[in-house]
Amino acid sequence: MEVSTDLLKTIEEKYRTFSKGQKRIANYVCGNYDQAVHLTAAKLGGIVGVSESTVVRFATELGFKGYPQFQDALEEIVKNKLNSIQRITMTSNRVDEKSILKAVLQSDCDNIKKTAEEISEDEFNRAVSEISSARRIFVTGGRSCEGLSRFLTYYLNYIFDDVKMVISNSLTESFEDIHRIGCDDVVIGISFPRYSIDTVKVIEFARRRHAKVVAITDSRVAPMAKYADCVLLARSDMVSIADSLAAPLSVINALIAALSMKNRDQVVETMETLENIWKEFSVYTDGDKDE
C-alpha cells in the first residue's frame, strides 16, 4: 500500500467493513490526523475507547505490516495537508514555549540521526557517479528549498565546469533554462513538504528528455521520486512554520564532499587558482591584521 494521502480514501472505502471499535478509530483518525500521528497505539486506543490490539489490527487491515507503518502514512498526510496556520497550532500543542530552543535543536538532531540510519549508501554512490559523469548539471528546488539549491550549486561550480541553477519566477522560464537538456545531462531536484509543484514539473520535463535525475527528498512516494534514477532520502519533520532542513543540508554536504574526493585533481587545480584570485583582490579578511 502506498504511504500517502490515499490512506484517508482507503479508510473511507473500507469503513463499512469495520467493527464498531474500528469505526471509532477511523472517525478519530480522519478528523484528527494531525494529533493521531503522535499517538502510540495504546494512547490512540485509550482516546477512542478500544484496546491497543484493536488499534494494531486496524492498521494491519488497512494493509500495513504494523502500527509504525500506519504512523508513517499519517505523517505523510500531515506533511502534505497542513497549511502554515495549522502548523503553528500543531507546534503550540507539541512544544512548550520555554523549551522551544532545545526542542528545535533536538528535532534537527533526531532528523539527522534517522537520515543516517535510513539513507541508501548504494543510491548515494550511484548519484555521485551519475553527477560526475554528466555533461551538464542542473540543480532545481523552489520555495523553502531554494536556499539548499543555491548552496549546492555554489559548491558544484568549484568542482565542475557546467553547472546551472534552475530557479525563476515562472515555470516557462524554468523550461527555457533546461530546454536543451538531454540524456548526457543530470538534474538534481530538491523537494520537501510542502512540495513545490514547479520543481516537480521541471523534474518531469527533464525525465521526458531522458536526462538522469537525482532526487533529494523525504519519501520514496514524494511527487518527485517517481521520476528519479537515484533517491536520496532525508528527514524534514517540521516543528513550526519553517521546514527543518538540517538533515537535507547534511546529505548535500556529504554529496559535495564525495564529489570533491572523486574529482580531487580538478578541485585542487580550481581551488589553487581561486585562492590566488581571492588573495589578489582581498576577497576575505585577514584575521591576523588589525583594521
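Add 498 to a position in the sequence shown, counting from 1, and you land on the number used in my numbering. Each residue gets a CB set at the ideal place from its N, CA and C atoms; glycine is no exception. The model shown is predicted, which means the values in this text are computed figures rather than measured ones.
Nearest residue (CA-CA) to residue i, options the options
i	options	result
His-536	Ile-665, Ile-714, Asp-620, Asp-570	Asp-570
Phe-673	Val-664, Gly-680, Asn-761	Val-664
Thr-515	Asp-784, Glu-573, Asp-741, Leu-560	Leu-560
Thr-638	Leu-572, Ser-780, Ile-695	Ile-695
Arg-733	Gly-640, Phe-622, Glu-767, Lys-611	Lys-611
Thr-613	Trp-776, Glu-671, Asp-716, Val-781	Asp-716
Ser-630	Ala-557, Leu-654, Glu-615	Leu-654
Tyr-513	Ser-647, Phe-556, Glu-619	Phe-556
Ser-517	Ser-549, Asn-530, Asn-623	Ser-549
Gln-604	Ala-745, Asp-784, Arg-762	Ala-745
Ser-647	Thr-670, Thr-771, Ile-714	Ile-714
Nonlocal neighbours in the same chain, by C-beta distance under 7 angstroms from residue i, ignoring five residues either side
i	result
Glu-628	Val-684, Lys-710, Val-712, Asp-727, Cys-728
Leu-506	Cys-528, Ile-575
Phe-658	Ile-635
Val-698	Ser-689, Pro-721, Met-722
Glu-621	Cys-728, Val-729, Leu-730
Gly-543	Ser-549, Glu-550, Thr-552, Val-553
Thr-651	Val-637, Val-661, Met-663
CB contact flag (residue i, residue j, <9 angstroms)
i	j	result
Ile-509	Thr-552	no
Gly-680	Ile-701	no
Ala-534	Val-554	no
Ile-775	Val-766	no
Asp-660	Arg-624	no
Nonlocal neighbours in the same chain, by C-beta distance under 8 angstroms from residue i, ignoring five residues either side
i	result
Glu-778	none
Val-626	Leu-753, Ala-756, Leu-757, Lys-760
Met-769	Tyr-656
Ile-545	Tyr-526, Leu-537
His-708	Gly-680, Cys-681
Gly-645	Leu-743
Gly-547	Gly-519, Arg-522
Phe-649	Leu-747, Ile-750
Asp-504	none
Lys-541	none
Arg-718	Val-729, Leu-731
Gly-564	Val-554, Ala-557, Thr-558
Neighbourhood of residue i by C-beta, 6 angstroms cutoff - its chain only, sequence neighbours within 5 removed
i	result
Gln-764	none
Phe-636	Lys-662, Val-664, Ile-676, Val-685
Tyr-693	Pro-721
Ser-447	The chain is shown from 499 up to 789; residue 447 falls before or after that span and cannot be answered.
Glu-573	Val-535
Tyr-725	Ile-701, Glu-702, Arg-705, Val-711
Gly-640	Ser-694, Asp-696, Thr-697
Phe-568	Ala-557, Phe-562
Glu-773	none
Integer-rounded CB distance, given that residue j should sit under 8 angstroms from residue i
i	j	result
Ala-704	Ile-676	6 angstroms
Leu-730	Ile-617	6 angstroms
Asn-609	Asp-532	Rounded, the Cβ-Cβ distance is 19 angstroms, inconsistent with contact.
Phe-690	Asp-606	Incorrect: roughly 14 angstroms between the Cβ atoms, too far for contact.
Residue i beta carbon near the ligand PLP (any heavy atom closer than 8 angstroms)
i	result
Gly-639	This structure does not include the ligand PLP; it has no bound ligands of any sort.
What beta strand (DSSP E) runs, 3 residues minimum, are completely inside the region 636–666?
661–663
Just to confirm the assignment: which complete beta strand (DSSP E) runs, minimum length 3, are found wholly within the region 716–789?
728–731
In chain order, what are the residue ranges of uninterrupted beta strand (DSSP E) at least 3 long that sit wholly in the region 672–710?
684–688
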